[in-house]
Amino acid sequence: MDSIFSLISPELLVFAFAVTVVAGIVKGAVGFAMPLIMISGMGVLLDPKLVIAGIILPIVVSNFLQVAKAGFGEAVEALKEYKLYVLLTCVMILITSQFVKVVSADTMLLGLGIVVTALCLVQLSGLKIVIPTERRPIASVIAGLASGILGGFAGTWGPTTVLYLVAVETPKARQFVVQGVVYGLGSVMLLAGHLKSGILNQHTVSFSLVMLVPAVFGMWIGFKIHDRINQAVFRKATLWVLLIAGVNLVRRGLLG
Numbered sequence: 693m694d695s696i697f698s699l700i701s702p703e704l705l706v707f708a709f710a711v712t713v714v715a716g717i718v719k720g721a722v723g724f725a726m727p728l729i730m731i732s733g734m735g736v737l738l739d740p741k742l743v744i745a746g747i748i749l750p751i752v753v754s755n756f757l758q759v760a761k762a763g764f765g766e767a768v769e770a771l772k773e774y775k776l777y778v779l780l781t782c783v784m785i786l787i788t789s790q791f792v793k794v795v796s797a798d799t800m801l802l803g804l805g806i807v808v809t810a811l812c813l814v815q816l817s818g819l820k821i822v823i824p825t826e827r828r829p830i831a832s833v834i835a836g837l838a839s840g841i842l843g844g845f846a847g848t849w850g851p852t853t854v855l856y857l858v859a860v861e862t863p864k865a866r867q868f869v870v871q872g873v874v875y876g877l878g879s880v881m882l883l884a885g886h887l888k889s890g891i892l893n894q895h896t897v898s899f900s901l902v903m904l905v906p907a908v909f910g911m912w913i914g915f916k917i918h919d920r921i922n923q924a925v926f927r928k929a930t931l932w933v934l935l936i937a938g939v940n941l942v943r944r945g946l947l948g
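Numbering (my numbering), first residue to last: 693 to 948.
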């Protein structure tokens, strides 16, 4: 614990725990948004680079749990069906994660805030984008590259994945499985990328390990409420919370 308290005060650690429990609940209930909530929430008080280190192990484990809940047979089928998108997302996460250390904290906050705000507004507006069947291969390339770039820099590629899956009219049950596969493999790439970039190192890994406790606890709660709530209402409420967090990140990025 001494190594953790050299990175973060006890008070801020409690704050990080609370944010991560909420992120885990949302992840378990709707299948995405853990990294966004953790980054947007903890980024209010913590160094963005420490936050990125902190989310890595929780998202690896939470996505493994999501895939396990859906079933590994279903996951294999989903991987075969969306292999191009998954491949491009993973490759770009691995590549772009190497540039995080050269980007200033304010720039990271501003960029993430703009992306979060824009994606939330698109989804909350009810705008329905449907990609014709003949254009879906090129859409997979564009969406995969965009998701990977966002994932490598900001540690989150959930919103772009959700938008893409909705646009190609993925059935609800299959969407939950595909999200788990994309997030799971992507999080492994993020882990590998930040081991190489130095964001996750012998000091920051202790913070990421500790964040596993509230993340798994939150997922446990989220799984219990997954089939008992109106998913559309809960998802919309989550997007409103993320929108507020996104606007705050933009404010911090501009004002420092």
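Yeah, the Cβ is synthetic: ideal placement off N, Cα and C, and Gly gets one too.
Proximity below 8 Å, CB of residue i to CB of residue j
i              : j                 : result
leucine 811    : leucine 946       : no
valine 902     : isoleucine 696    : yes
alanine 884    : leucine 804       : no
proline 906    : threonine 781     : no
threonine 788  : phenylalanine 845 : yes
alanine 838    : threonine 852     : yes
methionine 911 : leucine 749       : no
alanine 762    : glycine 850       : no
glycine 720    : glycine 847       : no
valine 700     : alanine 708       : In the sequence as presented, valine is not what sits at residue 700; that position holds isoleucine. Cβ distance < 8 Å, so isoleucine 700 and alanine 708 count as in contact.
leucine 892    : glycine 735       : no
valine 814     : leucine 855       : yes
valine 880     : valine 768        : no
Limits of the alpha helix (DSSP H) - the one that residue i falls within
i              : result
tyrosine 875   : 864 to 889
isoleucine 821 : No alpha helix (DSSP H) holds isoleucine 821; DSSP gives it neither H nor E.
asparagine 922 : No alpha helix (DSSP H) contains asparagine 922, which DSSP labels as neither H nor E.
glycine 805    : 797 to 816
serine 754     : 740 to 762
Simplified DSSP assignment, three categories, for residue i
i                 : result
serine 898        : helix
tryptophan 849    : coil
methionine 726    : helix
asparagine 893    : coil
methionine 903    : coil
isoleucine 700    : coil
tyrosine 774      : coil
valine 768        : helix
valine 858        : helix
valine 792        : helix
phenylalanine 737 : The amino acid at residue 737 is misidentified as phenylalanine; the sequence shows leucine. In the structure shown, leucine 737 sits in coil (DSSP, three-state: anything other than H, G, I, E or B).
Neighbourhood of residue i by C-beta, 6 Å cutoff - its chain only, sequence neighbours within 5 removed
i              : result
valine 860     : Ile823 and Arg828
methionine 800 : Pro740
glycine 836    : Tyr777, Leu780 and Thr781
glutamate 766  : Val869
glycine 843    : Ile785, Trp849 and Gly878
8 Å Cβ shell around residue i - same chain, five flanking residues per side excluded
i             : result
alanine 797   : Asp739, Pro740 and Lys741
histidine 895 : Ser695, Ser698 and Leu699
Sequence-distant residues of its chain with Cβ nearer than 7 Å to residue i (five each side left out)
i            : result
arginine 866 : Ala770
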